[in-house]
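Report on one structure; see the data block that follows.
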Amino acid sequence: MAGTLLVEWRHIGESVDATCERCAATGRTLNEVVAAIRPVLSARRIRVRVTETVLPPERIAESNTVLFNGIPIEDLLDEVRVEMTPCASCSCITGTEADCRAIVCGDETHEALPADLILKAALRVVEP
């Protein structure tokens, strides 16, 4: 199988170092997962391309989103849903009270996307 896995990380703020705490944690974890799976997928002739989309504060509802070939993680994994939760870090960036995306899986709420869910979603996209 040959192809490309396109991974897009969306967040508010200027960069991974200038975003909210939970988005920064998601970005770091995403980079770690991509570094781990890139050699495995490369052996299968699948390229991995990661893009980072910085959102303006008015698009905060999309912040902390990871898409795989254009599909958000919550649409790839049946056990995952999105919930908006208060985020003091985003509030500092926007200057107003703000809610940010969190992922709910089972009875656990994750403010930053965990590695196992990122990996599972990535593999779901590339598996035949």
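Those letters in the sequence shown? Residues 1 to 128, per UniProt numbering, in order. For glycine and all other residues, C-beta sits at the position ideal for the given N, C-alpha and C.
Which of helix, strand or coil DSSP assigns to residue i
{"i": "C23", "result": "helix"}
{"i": "C90", "result": "helix"}
{"i": "residue 138", "result": "This structure cannot speak to residue 138, because the chain is shown only from 1 to 128."}
{"i": "A102", "result": "strand"}
Status (buried if at least 16 other CB within 10 Å, exposed otherwise) for residue i
{"i": "T94", "result": "buried"}
{"i": "V48", "result": "buried"}
{"i": "E111", "result": "buried"}
Span of the alpha helix (DSSP H), counted from its first residue to its last, around residue i
{"i": "I73", "result": "I73 to L76"}
{"i": "I118", "result": "A115 to V126"}
CB of residue i within 8 Å of CB of residue j, strictly
{"i": "V7", "j": "V50", "result": "yes"}
{"i": "A2", "j": "I46", "result": "yes"}
{"i": "V126", "j": "L41", "result": "yes"}
Boundaries (first-last residue) of the beta strand (DSSP E) holding residue i
{"i": "I46", "result": "I46 to L55"}
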